Amino acid sequence: MTDAVIGGSSDRWVSNGGGQRSLHPKANWTTQPGQGAAPDLTDEEKEIINNVIARAEKMEAMEQERIGRLVNRLDDMKKTVCGDGVSRCLLCGEQLGSPGVSSVVCEDCKKHMCTKCGTQADSRPRSVWLCKICKEQREVWKRSGAWFFKGFPKHFLPSPMPISKPKDTGVPPPQAAQAQGPREKSAQPPRQSPERQSRTGGYPPVAPKPSETRMATGGAGPGHAAGPGQDSPVVMKKALNVQSSRPQPAAPAAQPGPMPGDGGPYSSSSGGGGSLEQRAAPPAVREERRQPATRPPPPPAEEEEDANDYDSDEATTLGSLEFSLHYEQESSSLHCSILKAKGLKPMDSNGLADPYIKLHLLPGASKSTKLRTKTLRNTRNPVWNETLTYHGLTDEDMQRKTLRLSVCDEDKFGHNEFIGETRVALKKLKINQKKNFNVCLERVVPVKRTGTAGAARGIALYEDEPGKEGGEVEERGRILMSLMYSTQQNRLLVGVVRCVHLAAMDANGYSDPFVKICLKPDMGKKAKCKTQIKKKTLNPEYNEEFGYEIKHSDLAKKTLDISVWDYDMGKSNDYIGGCQLGITAKGERLKHWYECLKNKDKRIERWHTLYIENHINSD
Amino acid sequence: MAKTYDYLFKLLLIGDSGVGKTCLLFRFSEDAFNTTFISTIGIDFKIRTIELDGKKIKLQIWDTAGQERFRTITTAYYRGAMGIMLVYDITNEKSFDNIKNWIRNIEEHASSDVERMILGNKCDMNDKRQVSRERGEKLAIDYGIKFLETSAKSSINVEESFFTLGRDIMTRLNRKMNDNNPPGGGGQVKITESRSKKNNFFRCTLL
C-alpha cells in the first residue's frame, strides 16, 4: 500500500476522484491488511480512527455482554434436564412409550423426548423435531452471529493505531511500546485491564466450546476442524491483539478435562458454560477480579504511584479542573469553555480514567440542562478545549442559578462513575466578561440526600435548595422567537429558532418537542403552522421560519399563539408550554410584538418563557 | 441501557472515493443529506435498528474511506462483515470499472459467506450519467449480485438497498440454521455448509 507506483499500465487506475492517487494496477488490491500498520497517516488521522475504534469497542463490549447473557440462559436451561433421553423424556423425565406419551427424537442431539417438550421446526428439506435446548442452542447461534462466523464472533476490530510511534499496535510486539511520552503511555495500559481480558479473551473463547463440540461433529466445516483445539479456532485471527496472551491460560484452566458425564450435549456444555458464567456475569465479578489482576506483571513506565488501588480511600485528591465562563448578555448565552483537568483520580483498573465533564444548572431538572464534553480515553490529564453553551439564560437565571461541573469516568459498560465536581454560583460572573477558573474538584457537596449511592455517583437529578425550589416547579422552558414584518412581501415572518430547558414529558426523561404557532383570530386555515419534531431532546433547535400574508395595518389586531408540544406516537401529544405575543400581552411578549410592528423589515429575536397556563395575564 | 435487538448484522460500504458511501449511510441512518464533500478518514460506523420478519435487527454499518491510502485499514474490516455494499457513482465511469476490483478485494479479504450488493449511486444526476442502468445490471448479473440504483440526495432506493441486504443476510441465516442434511446424512445441523463461491452465481438477482 505504500507503493503508490504510477506504472505504465496503471492508467485505468487513475481515479478521477479528486485528490486520489494513481494506483498500481494490482499491488494495491492485494495488500494484506494488518501489515505494516498505518503507513502514511497523520497523527490526527490516526486519532480520529482510534476514536472510531474505541467507539466500536464499546459497542463490541456490550454485544459480548449480551452474548454472555444468551449463553448463560442456555446453560441454565441445560441444568433443568431431568430425563436420560433414552427411555425417559430428556427434558421432563416422563417415561416414554407409556400410553399417551409419544416419543420423538431431537434432530440435533438425537435424544428422545416427549412431543410436549419438543417443537417441530419446519426446515428444509423436511420438518424436524428439536428439543427445547437444541432449539435454544440454534437461537443462540443465530443471535450471537456464531452462525456466520462459525463460532462466537470474537473481537475482530483492528487495534488502535499508534500515534507517531508504535504503542498499542495490537499487531505483533506489544512490548515495543511503553517508552513513549505520557500520551502514548496512556493508551498502552489497557492491555492489562481485566475488563478487556474478560471481554476479548474471556467469554468468547470459552463459549464456543459447548456448541462446537456438539454442532461440529457432523458438519466438519473448516472452522470446526480446529474446534476442539484451543480457544480461538475460527474466530478472526486479527482479533488477537495484545490481549491475547492473557486469556489463553485462563481458558484451559477453567476447563479441566472436558465435561463430566457422557460428553453428550448437555453435560458437555456445563464445563464450558460454567466457566463462562463466571466470567460473563458482568460487573460484580469483574469487580472482584479487578483486585488480583490489576497489578500488571511488568508495570514498566508507569510512574504514577498508586495506579492500582482504585478503592484505596479518599485521601487521594480528586484532581483539578480548569475552565472559563463567559456570559453574553446580548445573546443570553453562557459559554462554558472546558479546558483541561489534571491529576484526576484513577478510576479504571489500569490506573487511568476515561473522563468527561457534565454541566448542569441548579436548581432544576438535570436532563434539561445537561451538557457534556467528549469522553477522553485513558488519561488522568485530559485536555478538552471544548466550549459548551447554554442558550436563553436570563439575567434572573444568572442571579439565581448555580453551574455544576462534574467530572465523570465513562465506563465501558455504561456505569459511569463520578469523580468529583465543582460549582459556580452564576451571580459571581460579571456580565460580558470572561472569567477563568482553576479549581480543585470536590466530592459531592453534602446536601441532605447526597449520602445515597445515587447522588454519590453523580446521578442526583434534582438538587435540594429549599425555599427556591417552589418557584421552579412550574418552569416549562423557554423559546427563542424571531419576528419580522416584510414590507416587500407583505408578510409577517415568524421564526422559531430554538427552545431550551423544556419540561420532560416522556418516561425517558426527555421530550420529542415541536412548536405550533397560530396567528389569531380570523386567519383561516393558513393560520396554523408547526415545526418539525425533534426527537428526544429538551433543547431543540429548529431554525424554521413561517410566513403569514397579512397587511401591516391588520397585524396590530392579531395575536400570535405559540405552543410547544411533546409528540407522542399513537397518543395525543402532551402540552409542554406556550405563550402569546400580541398587543394584549404583557412584558417581554408585548415588547417583542410592538417592536416588530414598529420596526418593519427588521428581524427581532427574543426569548420567551413558556407557561403551562399560556394566558396573557401571567407575568 | 442498550435497546434490545434480536440480531446484529455487520455491514460494510466500499467503493471509490467520492461515490457517496458516507452520504448513503447518512441518509439511511439519519435521513439527512449534506452536499459538502468531506472525505472519510479511515473508517467510521453508524447504527440503525430495523425490523424484518418481526425480528429486530441492529445494523452496524461500517463506512470506509475510498481513498487508496487508507486501504490497509479498511480491508481489515472486511472479515467481520456479513454484508457488503459495493458503491459506484453513475456519473463516474472509473468508479464503475473499479467495482470489479472491489469485488476481487472482497473475495480476498471477506468471509466467503458475505452477502453482496452493488449500488449505482447519484441516480438523481441523470444529465451527467456515464454509466447506464443496463450496464450496472449487466455487471451485477455477471457476478450474481443484486443491484439497485440509488440516490442519497433524493432518497431513492436507500432504504430499499439496506433492507434488501439485511434481508439477504437474514435469509442466509435462516437457511443455514434451519437447513438439515438430507436424510441419511449425519443429521447434524450444518453450520458450515460447504458452500463455494459458486453459490453466489446462481442466486437470483433483483432485476
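Going down the list, the protein sequences come from chains U and Y. Note that the UniProt record's numbering gives residue 132 to position 132 of the first sequence, counting from 1, and the numbers run on in steps of one. Note that the UniProt record's numbering gives residue 82 to position 82 of the second sequence, counting from 1, and the numbers run on in steps of one. Cβ coordinates follow ideal geometry from the N, Cα and C atoms, glycine included. These numbers come from a predicted model, not from an experiment.
If you check each beta-carbon in the segment 591–602 of chain U against every beta-carbon of chain Y, none falls closer than 8 angstroms.
Taken in chain order, no unbroken stretch of beta strand (DSSP E) lies wholly in the segment 148–180 of chain Y with a span of 3 residues or more. Inter-residue distance for HIS552 of chain U and TYR510 of chain U is about 39 angstroms (C-alpha atoms, whole angstroms). For ARG138 of chain U, the closest Cβ of chain Y is nearer than 9 angstroms.
Bridge pairing for TRP62 of chain Y: Y:LEU12 and Y:PHE45 [DSSP]. LEU480 of chain U and GLU545 of chain U have their C-alpha atoms roughly 12 angstroms apart. In this structure GLN130 of chain Y touches GLU93 of chain Y by the C-beta definition: roughly 4 angstroms separates them, less than 8 angstroms. The Cβ of SER29 of chain Y sits no closer than 9 angstroms to any Cβ of chain U. Taken in chain order, the complete beta strand (DSSP E) segments of 3 residues or longer contained in the segment 56–132 of chain Y are 83–89 and 115–121. When secondary structure is reduced to three states using DSSP, ARG589 of chain U falls in the helix class. In the displayed model, ILE53 of chain U falls within a helix according to three-state DSSP. With 16 or more other Cβ atoms from the protein chains shown falling within 10 Å of its own Cβ, GLN64 of chain U counts as buried.
Under the criterion of beta carbons closer than 8 angstroms, LEU502 of chain U and LEU560 of chain U do not qualify as touching, at roughly 19 angstroms. GLY145 of chain U has a beta carbon lying within less than 9 angstroms of a beta carbon in chain Y. A straight-line Cα-Cα distance of about 8 angstroms links GLU47 of chain U and MET161 of chain U. Runs of the alpha helix (DSSP H) lying entirely within the UniProt domain "C2" (475–608) of chain U and spanning at least 4 residues, in chain order: 552–555 and 587–598. For the segment 118–135 of chain Y, the beta-carbon criterion of a distance under 8 angstroms to any beta-carbon of chain U is satisfied by none of its residues.
Contact check for ASN378 of chain U and LEU405 of chain U: beta-carbon distance about 21 angstroms, past the 8 angstroms limit, so the pair fails to qualify.
At a cut-off of 9 angstroms, the C-beta of ALA507 of chain U has no neighbouring C-beta in chain Y.
In this structure, DSSP gives ILE67 of chain U a helical state, which the three-state scheme calls helix.
Taking 7 angstroms as the upper bound on Cβ-Cβ separation, chain U lies near residues ASP6, TYR7, LEU8, ASP16 and SER17 of the segment 5–17 of chain Y.
Interface annotation, ALA585 of chain U: not in contact with chain Y, CB-CB separation never under 9 angstroms. Taking every protein chain shown into account, the CB of VAL87 of chain Y has 16 or more other CB atoms within 10 angstroms, so this residue is buried. In the displayed model, THR375 of chain U falls within coil according to three-state DSSP, outside both helix and strand. Residues of the segment 43–54 of chain Y with a C-beta less than 7 angstroms from any C-beta of chain U: ILE43, ASP44 and PHE45, listed in chain order. Under the Cβ distance rule, VAL52 of chain U counts among the residues neighbouring chain Y, one pair being separated by less than 9 angstroms. If you draw a straight line from the Cα of ILE106 of chain Y to the Cα of ASP127 of chain Y, it comes to about 32 angstroms. Taking C-beta separations shorter than 8 angstroms and ignoring five residues to either side along the sequence, the partners of HIS391 of chain U in its chain run SER331, SER332, SER333, LEU480, ARG498, VAL500 and ASN539, following chain order.
Contact note: LYS176 of chain Y reaches chain U through TRP147, using a C-beta cutoff of 7 angstroms and chain order. When the beta-carbon positions are compared, TYR548 of chain U and VAL496 of chain U stay at least 9 angstroms from each other. Taking a beta-carbon distance threshold of 9 angstroms, ARG69 of chain Y counts as an interface residue toward chain U. Going by DSSP, THR80 of chain U is part of no beta strand (DSSP E) at all; its letter is neither H nor E. Proximity of ASP113 of chain Y to chain U, defined by a Cβ-Cβ separation below 9 angstroms, is satisfied. Within the segment 362–386 of chain U, no residue places its CB atom closer than 9 angstroms to a CB of chain Y. Segment contact: the segment 97–115 of chain Y against the segment 9–17 of chain Y, three or more CB-CB distances shorter than 8 angstroms; contact assigned. Chain Y has a Cβ within less than 9 angstroms of the Cβ of ILE48 of chain U.
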